[in-house]
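Data first, discussion second: the structure below is written as structure tokens.
In our numbering, the protein residues as written are 59 to 320.
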């Protein structure tokens, strides 16, 4: 009698059973509903402190610059936008967990552990990016862009435009600061290699400059460089973390090249 061949389990078979397409869709709807409700509840928490939020949004402005309301509903919708962005920030750990819980059945147990452990680090990098944008980028760009008006003309910004500018910059810079850790995770999962990232450095610089020009709301080069330079430094940090994630990457490739030569 021939010995039975034992095949290693696939990532899907590590769970007790496989889900059907309908079950996947139901799970996706459930997790999406939980995420949306979390954002709504977190956004509603900003309404009682709306005046304090507006005072906070004026802090990056120079002393001679004030906000003004042009349309009757401008303050209301500006605060709605701020509440949504704030709700997304507060609910982001839960949203990330729901995403990982949905895709985790397709991963091995070691990969699932790595993703779950990475949630606090990703959240910390996002907060670090928001703080960097608040204390450095916004104060530099707003101070530079508002200094060109003559002394006899007061500088007054629309509430809607200012809130849109600040919210967009905070979100973008916060996401950009997550780049090194995302690269580290992709390298740890053997999806990318540090040698590949090093070879793409010149193309990455071009892409970073283009992205900085697209995501910044003003066409001036100073605002674009205030975003592009940190993006490039974070890319280099990601390359370093990718090398740390798989330290034997270069050794394995050199060994394989020697084997091919023999």
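Virtual Cβ for every residue (Gly too), placed ideally from N, Cα, C.
Below 8 Å on the Cβ atoms is my contact criterion, and I expect residue i with residue j to pass it. Report the Cβ-Cβ distance as a whole number of Å.
i	j	result
residue 250	residue 263	No, residue 250 and residue 263 are not in contact; Cβ-Cβ is about 18 Å, not under 8 Å.
residue 234	residue 289	5 Å
residue 252	residue 304	7 Å
residue 149	residue 97	5 Å
residue 101	residue 156	Not quite, the Cβ-Cβ distance comes to about 17 Å (not below 8 Å), so this is no contact.
residue 195	residue 285	7 Å
residue 151	residue 181	6 Å
residue 389	residue 106	Here the chain has residues from 59 to 320 only, and residue 389 is not among them.
residue 140	residue 221	6 Å
Please go through the same chain and pick out, in chain order, the residues whose beta-carbon is closer than 6 Å to the beta-carbon of residue i, but skip the five residues on each side of it.
i	result
residue 137	108
residue 188	228 and 232
residue 202	280
residue 207	213
residue 301	252
residue 74	Low per-residue confidence applies at residue 74: pLDDT is 47, beneath 50, and the placement is therefore not dependable, though the value from the model is reported in the following sentence. Excluding sequence neighbours, residue 74 sits near nothing in its chain.
residue 183	235, 236 and 239
In the structure shown, what three-state DSSP assignment does residue i receive?
i	result
residue 213	strand
residue 110	helix
residue 127	coil
residue 206	coil
residue 245	helix
residue 155	helix
residue 166	coil
residue 218	helix
residue 250	coil
residue 103	coil
residue 294	helix
residue 236	coil
residue 272	helix
residue 313	Below a pLDDT of 50, predicted positions are generally treated as unreliable, and residue 313, at 44, falls in that range; no measurement from the model is reported.
residue 188	helix
Mark residue i as exposed unless 16 or more other C-beta atoms lie within 10 angstroms of its C-beta, in which case mark it buried.
i	result
residue 134	exposed
residue 99	exposed
residue 257	exposed
residue 82	exposed
residue 91	exposed
residue 261	exposed
residue 272	exposed
residue 104	buried
residue 287	exposed
Taking 7 Å as the limit between beta carbons, can you name the residues of its chain near residue i, skipping five residues before and five after?
i	result
residue 178	none
So, at 8 Å on beta carbons, what are the nonlocal neighbours of residue i in its own chain, with the 5 sequence-adjacent residues on each side left out?
i	result
residue 299	238, 239, 241, 242 and 245
residue 132	216, 217 and 218
residue 172	243, 246 and 247
residue 142	97 and 101
Are the stretch 161 to 168 and the stretch 107 to 122 in contact at 8 Å, needing three or more beta carbon pairs? no
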